[in-house]
Each structure stands twice: as C-alpha cells, then as structure tokens.
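Here the structure comes first, spelled out in structure tokens, and everything after it is commentary.
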Amino acid sequence: MAFAYQGEGALDYFPCRYGASKLLFRGPRRSLEGSFCAVLGGTETYGKFVPRPFPDLLEEATGLRMVNLGCMNAGIDVFLNDPTVVQIASRSSLAIVQVVGAANLTNRLYAVHPRRNDRFLSASAVLQAMYREVDFADFSFTRHMMQTLHAVSPGKFEQVAAELRAAWVARMHTLLGRITAPTLLLWIANHAPPHGQPLTPDVSPLLIDADMIAAVRPHATHYLEVVTTPEAGAAGTAGMRFPPLDAAVAAEVPGLAVHAEVAAALAPVLMRLI
Numbered sequence: 019m020a021f022a023y024q025g026e027g028a029l030d031y032f033p034c035r036y037g038a039s040k041l042l043f044r045g046p047r048r049s050l051e052g053s054f055c056a057v058l059g060g061t062e063t064y065g066k067f068v069p070r071p072f073p074d075l076l077e078e079a080t081g082l083r084m085v086n087l088g089c090m091n092a093g094i095d096v097f098l099n100d101p102t103v104v105q106i107a108s109r110s111s112l113a114i115v116q117v118v119g120a121a122n123l124t125n126r127l128y129a130v131h132p133r134r135n136d137r138f139l140s141a142s143a144v145l146q147a148m149y150r151e152v153d154f155a156d157f158s159f160t161r162h163m164m165q166t167l168h169a170v171s172p173g174k175f176e177q178v179a180a181e182l183r184a185a186w187v188a189r190m191h192t193l194l195g196r197i198t199a200p201t202l203l204l205w206i207a208n209h210a211p212p213h214g215q216p217l218t219p220d221v222s223p224l225l226i227d228a229d230m231i232a233a234v235r236p237h238a239t240h241y242l243e244v245v246t247t248p249e250a251g252a253a254g255t256a257g258m259r260f261p262p263l264d265a266a267v268a269a270e271v272p273g274l275a276v277h278a279e280v281a282a283a284l285a286p287v288l289m290r291l292i
C-alpha cells in the first residue's frame, strides 16, 4: 500500500484523498476553499522521491495554493474515470494538465486498470491476432508490453501506436472539455514534441508527437512547453529521498533540478494568468 513503511530513507508522501475519490494523492491534504490551482499529471507532477515537487515550489514562488492531483504513471483514464478530480479541477482558478503518455489508457487493442493505468489487464482478439508470436500473459505493465511489441515488429508496432495516438487525442479532448475552469496544457520533457518521426517506447511522454499536441491545443485555454536542460538531467538523484533498493528507479524519474526548472518556467505564467 502507498502508506506502508518502505525502508530507511523513504520519503513520506502524506497520502490523502479528496471527496469521494478512490485515488490517493500526494499530501498533505489542501483546502479546496477559495482560490487555488489544480495540477493534474503523472509521475512528474506527483514528484516521486522528490521532497518538494514543482507544485510545492510553485506555491512558494507565487503564493497561489496548489492542489497536487498527480498520480504515478497516470494516463488520461485515471482522471476521466474519477468525477471528483474533474470537479476539483473545475472549481479551481486554473487547472494545469500535464501531457502524459499514450500507452496507459484503455483502447480498442488492450485494456488497462482504471486507476493504475500502467497496469495491463488484457489484449483484444485483434491485438492477439496481430502478434501471434507474443504471449500477452507475460505482461503486467504497459511499458514492458510496448517495448516487447516494438522489438518483435516495429512495423506492427506502428499500427498499435496509431491506435493509441487516436485514442489519446480523443480522450484528452474529452478531459479538457469536462473541466470548466481555464486550463493550461503543460509539456514536460528534455526535448520538444517530436515532428514527423517514428517514436520508440523509450521516449517520454510515450508516443506523443507535435501533431497530437497541435490537435488538442485548441481545447486548452493556454499551453506551456517546458524543455528541461541537460544540466538538470545530469544532476540525477542529488537531494532525492529513496531507500537504497530504489536507486535504479529513482534514476529514471525527474530529480530536484528538473522540478526547479519546471517551477521557474511556470511561475511567471501563473502570475500573469491569475
């Protein structure tokens, strides 16, 4: 469970719930009275292993209350399947919606867990017929499945990617349409959205390209692209809190320097908008 003891050096995320939501968010729990910003997103927003993720840094820099609704490995489905999240976002002065990857959502080829979107549940008959050489019972997580499907056949993988991209655009359109407050679509990566090139399962946000961003941008009130620097990436796990056994995992998620750059880019934008 999220609040269980995780070993020496583990970070306390003060997990909390809001309203009738079944999701556990990073705490401490924030007041939903008055003016606040809601931040929806994945691992970057949640701030795994980071004592003060970018929503916390933003609050300090701007004086605006931030409600962190980030979920580890979130896809769009986790927010669409939780009415409380949409209600909170709609009550906010501004809802920041991070661009998350396209693999962690249920589509016509496979299903994922409705709350833990990185958990693979089942493959459709179409996908099984496409990849007869693959035993889908071997997969528990979507990224492992994406990497395997790409390795088995890059050509077939492009058909899978096309389905995921179409589902992502439609789902993001729906999410932005349900949030009645002003929205800011937020890109966080160490590169700009790619243009016109095949994407592999190793590039995050997974399978998202510039055409997809262009398709959903009109449905958001604002858009901000934060491309983090090589220096921030090179800072690695400095200042992060994790048990020794999680060192390899910690090296794969954004560190303190990345969160600082995201907050620094967002702060003047929020001060201008709110």
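One rule links them: number in this note's numbering = place in the sequence shown (from 1) + 18. All C-beta atoms in this analysis are idealised placements derived from N, C-alpha and C, irrespective of residue type, glycine included.
Where residue 240 is concerned, the enclosing beta strand (DSSP E) starts and stops at 240-245. Annotation for residue 212: 227 place their beta carbon closer than 6 Å to its own, counting only its chain and skipping 5 residues before and after.
With a threshold of 16 other beta carbon atoms within 10 Å, residue 49 falls short and is exposed. Straight through space, the alpha carbons of residue 88 and residue 31 are spaced by roughly 12 Å. One alpha carbon belongs to residue 252, the other to residue 143, and they sit about 43 Å apart.
Just so you know, the alpha carbons of residue 59 and residue 172 end up roughly 29 Å apart. Taking residue 241 as reference, the option from 270, 153, 220 and 206 with the minimal CA-CA separation is 206. Rounded to the nearest whole angstrom, the CA to CA distance from residue 112 to residue 151 is 47 Å.
Distance from the Cα of residue 277 is smallest, within the candidate group 129, 244 and 261, for 244. With contacts defined as CB atoms closer than 9 Å, residue 138 and residue 154 qualify as a contacting pair. Here residue 62 is buried. Its C-beta has 16 or more other C-beta atoms within 10 Å. Straight-line measurement puts the Cα of residue 86 at about 10 Å from the Cα of residue 34. Contact check for residue 68 and residue 258: beta-carbon distance about 6 Å, within the 8 Å limit, so the pair qualifies. Given a length threshold of 4 residues, each whole run of the alpha helix (DSSP H) inside the stretch 164-234 is given here in chain order: 172-196 and 228-234.
In the DSSP assignment, residue 97 falls within the alpha helix (DSSP H) that extends over 94-98. The DSSP assignment places complete alpha helix (DSSP H) segments of no fewer than 4 residues inside the stretch 73-144 at 94-98 and 101-109, in order along the chain.
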